[in-house]
Every structure is written in structure tokens, then in C-alpha cells.
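K.L.:
I have a structure I would like to understand better, so I am pasting it below and will then ask my questions one at a time.
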Amino acid sequence: MKTIVLTSEQEGVGVLAGAWLGGERGVLLMQSSGVGNCINMLSLIEAGRFPFLALISMRGDFGEGNPWQYPMGKACAPVLEAMGVTCLRSESPDDVIATVAAALTMVFQAGRAVAVLFTQKLLGAKKF
């Protein structure tokens, strides 16, 4: 596994496109607030017809105490879906493996764009 540190989440979309063109697979890991930074670059997925997988830790939902996290937490799935990315939610430890496995099949066998949203019910609400 190779990790690449990004200066902004939107760079990850381009990195994944380049990796796919170079015969590699990749996954973009980010927090829900980073989805807003990716909106324009998400158009590259459909235009380039390449598979895309994002694993997203949600903020701004169940038990969130930081008011700044609510706007993008609420908009995350609708924004992704508007850009052609299917969203799968994982809310309990029992469904994480099945949800990620389904996403892997959808992305790397069917060539789709999928985001797995790990909710705060699963991860726990932040104390800050």
C-alpha cells in the first residue's frame, strides 16, 4: 500500500484518475467536510469514466457538537449523488465489512463511483 498526502481533498480525485490510467487502484479517504472541496473535480469521474472509491468519515450528524460540521454533514450525500457517486452508509460495526465489500465490487468490477459514509453512530461523536 502506498499513501499520498494531499494539500486538498480535490487533488485525490485526480490522483485516483492517474493511478487508474497507470494500472493501479486507489481509495480516497476523507472527512465529510472535505467533500465540499471536491465538487468540481468530481466531474472528472464521469467525464473520464473511471472507477472511484471514497471512504468518508461523517461529521455533522448523530451527536455532533460542533455547529460548523452540520452544513457539509447534511450536504455530503446529496452533493456526491448529484455528481453521480452512489453513497452507501455504514452505521454499525456489523455492516462495515459487507458495505466496503459491496463498494469494492461496484467500483472495481462494475466501474462505478461509490462513497462509503461511516456515520457518527459507527465512529462515535467527537468531543471537540
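Those letters in the sequence shown? Residues -10 to 117, per this note's numbering, in order.
Beta carbons are placed, not taken as given, at the ideal position from N, Cα and C, and that holds for glycine.
1. Look at the alpha carbon of residue 97 and the alpha carbon of residue 40, and state the distance between them as a whole number of angstroms.
2. Give the single residue among 79, 93 and 3 whose Cα lies nearest to the Cα of residue 35.
3. Closer than 8 Å by C-beta to residue 79: which residues in its own chain qualify, once you throw out the five before and the five after it? Chain order, please.
4. Kindly identify the DSSP beta-bridge partner or partners of residue 107.
5. Kindly identify the DSSP beta-bridge partner or partners of residue 41.
6. Straight-line CA distance for residue 72 to residue 42?
7. Would you report the Cα separation of residue 5 and residue 63, rounded to the nearest angstrom?
8. Could you have a look at residue 19 and say whether DSSP puts it in helix, strand or coil?
9. Whole angstroms are fine: how far does the CA of residue 22 sit from the CA of residue 57?
10. Roughly how many angstroms lie between the CA atoms of residue 102 and residue 54, to the nearest whole one?
11. Could you say which of 24, 29, -4 and 12 lies nearest to residue 46 if we only look at CA atoms?
12. Nearest by alpha-carbon distance to residue 38: which of 114, -1, -8 and 10 is it?
P.N.:
Looking at the coordinates:
1. The residue you call residue 97 lines up with position 108 of the sequence shown. The residue you call residue 40 lines up with position 51 of the sequence shown. For residue 97 and residue 40, the distance between alpha carbons rounds to 6 Å.
2. As a working mapping, residue 35 is identified with position 46 in the sequence shown. Cα-wise, what sits closest to residue 35 is 3.
3. Along the sequence shown, read from residue 1 onward, the residue named residue 79 stands at position 90. Within the same chain, residue 79 has close Cβ partners 85, 88, 89, 105, 106, 107, 108 and 111.
4. As a working note, residue 107 is residue 118 in the sequence shown. The beta-bridge partner set that DSSP reports for residue 107 consists of 46 and 79.
5. Translated into positions along the sequence shown, residue 41 becomes position 52. According to DSSP, residue 41 bridges with 102.
6. In the sequence shown, the residue the question calls residue 72 occupies position 83. In the sequence shown, the residue the question calls residue 42 occupies position 53. Distance between the alpha carbons of residue 72 and residue 42 is about 13 Å.
7. Residue numbering aside, residue 5 sits at position 16 when the sequence shown is read from its first letter. Residue numbering aside, residue 63 sits at position 74 when the sequence shown is read from its first letter. Their backbone Cα atoms lie some 25 Å apart in a straight line.
8. Taking the sequence shown and counting its residues from 1, the one referred to as residue 19 is at position 30. Reduced to three states, the DSSP call for residue 19 is strand.
9. By one-based count along the sequence shown, residue 57 stands at place 68. By one-based count along the sequence shown, residue 22 stands at place 33. Approximately 9 Å, taken between the alpha carbons.
10. Within the sequence shown, residue 102 is the residue found at index 113, counting from 1. Within the sequence shown, residue 54 is the residue found at index 65, counting from 1. For residue 102 and residue 54, the distance between alpha carbons rounds to 31 Å.
11. On the sequence shown, residue 46 is found 57 positions in, with the first residue counted as 1. Nearest option by C-alpha distance: 24.
12. Residue 38 sits at position 49 when you count from the first residue of the sequence shown. Taking only the C-alpha atoms, the option nearest residue 38 is 10.
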